[in-house]
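> Sharing a structure below in structure tokens format, with a few things to ask.
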Amino acid sequence: MSTGATDRVVHVRAPGKINVFMKVGSLLDDGYHDVATAYQAISLYEEVYARPADDFSVRFTGPIDCSGLATDGSNLAIKAARLLARAADYRGGVSLEIEKHVPIAGGMGGGSADAAATLVACDHLWGTNLGRDELHELAAQLGADVPFALMGGTAVGTGRGDRLSPALAQGTFHWVLALADVGLSTPEVYAELDRHRERHVHDIAPAPEQPTVDIEVLQALRAGDPHRLAEYLHNDLQAPALHLEPALAKTLETGELQGALAGLVSGSGPTVAFLAADQDAALELQVALSASRLTVLRATGPVHGARVVSG
């Protein structure tokens, strides 16, 4: 296949995510950990625009400072496009423009959303028509959170987080997100978790070999009950994230004092996600946290995964 001359643009939207529950297994011989997580896709989206080209390129726009992001072959969106081209034996390239709205290095899967959106955009642009199952297999090669950004909704992730099972979730959950001024490295947060477990080997229960998502979390999601869900929000990565970035403890305390049902660090952090009872409570919490000089966003979930908007 070849690109052909065209002014066509494909626009795909993919969501960020919150890990409403996350348990991390023990360190494996390959340096990774098995996890059990409950993902929820939220209404904070990456917008990806794909145009035909002879080579592969990416540039960033939007309200987030992207000056530190790589735009060469190490960028996950470029990796996604190249992977799809190889899988489909496509000979052309793509010019990507990504309008970023999900915080960078914030534990909300923004880079994974970029990659998932790129897979969908290029598949549509190039007419490769691989189908969702094949795209999911490619997504799993790119990173643990990429398959969920493709799928969206609410799901249980096991293994590295890429083995997904849809989870029923009724209604709409309202989230207020407190953004940090700094990012946290996911590998460093996991390394700190391992160090924490070594330091407290006699004080805490050993890490599970095969972690699972607590049934109460799934029941609360299925019931669409934020009060029940608030009781069971959990993240094994929260303690190491707080150790690396102690100011997050103050953010958590502030949100809960201002009326959040509960708060937790999302994924590897440092974004803190607060669950609110309803839309009015979320608005009040957003105003209160803003008055405390925190940078906050409001979002709802669940929402769909990577989808073609136009093109």
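Take 1 as the starting number for the sequence shown in the UniProt record's numbering and just add one per residue.
For every residue, glycine included, the Cβ atom is placed at its ideal position computed from N, Cα and C.
Treat the numbers as computed from the prediction; the structure is a model and nothing was measured.
With a 10 Å radius around its C-beta and 16 neighbouring C-beta atoms as the bar for buried, classify Gly68 as buried or exposed.
What you label residue 68 is simply residue 68 of the sequence shown in a count that begins at 1. Result: exposed.
> Gly301 and Ile42 - do their beta-carbons sit closer together than 7 Å?
Residue mapping note: residue 42 aligns to position 42 of the sequence shown, counting from 1. Residue mapping note: residue 301 aligns to position 301 of the sequence shown, counting from 1. Their beta carbons are under 7 Å apart, which means Ile42 touches Gly301 by this criterion.
> Count the other C-beta atoms from every protein chain shown that fall within 10 angstroms of the C-beta of Glu46, then say buried if there are 16 or more, exposed otherwise.
The residue given as residue 46 occupies position 46 in the sequence shown. Classification of Glu46: buried, given that the 10 Å Cβ count is 16 or more.
> Could you say which of Gln219, Leu242, Cys66, Ser292 lies nearest to Tyr232 if we only look at CA atoms?
One-based indexing of the sequence shown puts residue 232 at position 232. That would be Gln219, whose Cα lies nearest to the Cα of Tyr232.
> Would you say Gln258 faces chain C, with C-beta separation under 7 Å as the test?
Given the protein chain composition of this structure (a single chain), no chain C is represented.
> Can you give me the Cβ contacts of His234 inside the same chain, cut-off strictly under 6 Å, excluding the 5 residues immediately before and after it?
Within the sequence shown, the letter at position 234 stands for residue 234. If we look at His234 and ignore the five residues flanking it on each side, its Cβ neighbours are Phe21.
> Run the CB neighbour count on Ser2, radius 10 Å, all protein chains shown included, and call it buried at 16 or more, exposed below.
In the sequence shown, counting from the first residue as 1, residue 2 sits at position 2. Caution applies to Ser2, whose pLDDT of 41 falls short of 50 and renders its modelled position unreliable; the value that the coordinates give is listed next. When all chains shown are included, Ser2 counts as exposed.
> Is Ser26 helix, strand or coil by DSSP?
Within the sequence shown, residue 26 is the residue found at index 26, counting from 1. Ser26: strand per DSSP, three-state reduction.
> For the beta strand (DSSP E) that Pro166 lies in, which residues bound it at each end?
For this step, residue 166 is matched to residue 166 along the sequence shown. Looking at the DSSP string, the run of the beta strand (DSSP E) that includes Pro166 is 163-166.
> Just the C-alpha distance for Ala5 and Ile215, rounded to the nearest angstrom, thanks.
Start at 1 with the first residue of the sequence shown, and residue 5 comes out as number 5. Start at 1 with the first residue of the sequence shown, and residue 215 comes out as number 215. At Ala5, the pLDDT of 45 sits below 50, so the modelled position is not reliable and the matter cannot be decided from this model.
> Determine the DSSP secondary structure at Ile204, reduced to helix, strand or coil.
Your numbering for residue 204 matches position 204 in the sequence shown. In this structure, Ile204 counts as coil in the three-state DSSP scheme.
> By a C-beta neighbour count over all protein chains shown, 10 Å radius and 16 as the cutoff for buried, is Lys17 buried or exposed?
To locate residue 17, count along the sequence shown from 1; it is residue 17. With 16 or more Cβ atoms within 10 Å of its Cβ, Lys17 is classed as buried.
> Just the Cα atoms here: how many angstroms apart are Ala70 and Ala239?
Walking along the sequence shown from the start, residue 70 turns up at place 70. Walking along the sequence shown from the start, residue 239 turns up at place 239. Their backbone Cα atoms lie some 29 Å apart in a straight line.
> Counting only the same chain and skipping the five closest in sequence on each side, list residues whose C-beta sits under 6 Å from that of Ser112.
As a position in the sequence shown, residue 112 is number 112, starting the count at 1. Once the five neighbours on either side are set aside, the close Cβ partners of Ser112 are Gly143, Asp145, Val146, Ala149.
> Using 7 Å as the threshold, is the C-beta distance between Leu135 and Leu125 below it?
Taking the sequence shown and counting its residues from 1, the one referred to as residue 135 is at position 135. Taking the sequence shown and counting its residues from 1, the one referred to as residue 125 is at position 125. No, these two residues do not count as a Cβ contact at 7 Å.
> Taking only three categories from DSSP, how would you classify Gly152?
Working through the sequence shown from its first residue, we reach residue 152 at position 152. Gly152: strand per DSSP, three-state reduction.
> Which whole-angstrom value describes the C-beta separation of Ala115 and Leu76, a residue pair presumed to lie in contact below a C-beta threshold of 8 Å?
Mapped onto the sequence shown, residue 115 falls at position 115. Mapped onto the sequence shown, residue 76 falls at position 76. With 8 Å as the limit, Ala115 and Leu76 qualify as a contact, their Cβ atoms being about 5 Å apart.
> I need the DSSP call for Pro52, collapsed to helix, strand or coil.
Residue mapping note: residue 52 aligns to position 52 of the sequence shown, counting from 1. If DSSP states are grouped into helix, strand and coil, Pro52 belongs with the strands.
> Note down the Cα distance separating Gly31 from Val287, rounded to an integer number of angstroms.
Reading the sequence shown from its first residue, position 31 is the one you call residue 31. Reading the sequence shown from its first residue, position 287 is the one you call residue 287. When rounded, the distance between both Cα atoms is 42 Å.
> Taking the alpha carbon of Val217 as the reference point, which residue from Ala169, His11, Ile64 has its own alpha carbon closest?
Along the sequence shown, one-based indexing puts residue 217 at 217. Cα-wise, what sits closest to Val217 is Ala169.
> Look at the Cβ atom of Thr271, then the Cβ atom of Pro103, and state whether they are nearer than 7 Å.
Within the sequence shown, the letter at position 271 stands for residue 271. Within the sequence shown, the letter at position 103 stands for residue 103. In contact: Thr271 and Pro103 (Cβ atoms closer than 7 Å).
> When the distance is taken between beta carbons, is Pro211 closer than 7 Å to Ala36?
Your numbering for residue 36 matches position 36 in the sequence shown. Your numbering for residue 211 matches position 211 in the sequence shown. Result yes, Cβ atoms of Ala36 and Pro211 sit closer than 7 Å.
> Using a 10 Å radius around the Cβ and a threshold of 16 neighbouring Cβ atoms, would you call Gly73 buried or exposed?
Position 73 of the sequence shown, counted from the first residue, corresponds to residue 73. Answer is exposed; the Cβ neighbour count stays below 16.
> Could you have a look at Thr3 and say whether DSSP puts it in helix, strand or coil?
Taking the sequence shown and counting its residues from 1, the one referred to as residue 3 is at position 3. With a pLDDT of 44 at Thr3, under the threshold of 50, the modelled position of this residue cannot be trusted; read the value that follows with caution. Three-state DSSP puts Thr3 in coil, outside helix and strand.
> Going by DSSP, name the residue or residues bridged to Gly301.
In the sequence shown, residue 301 corresponds to position 301, counting from 1. Phe173.
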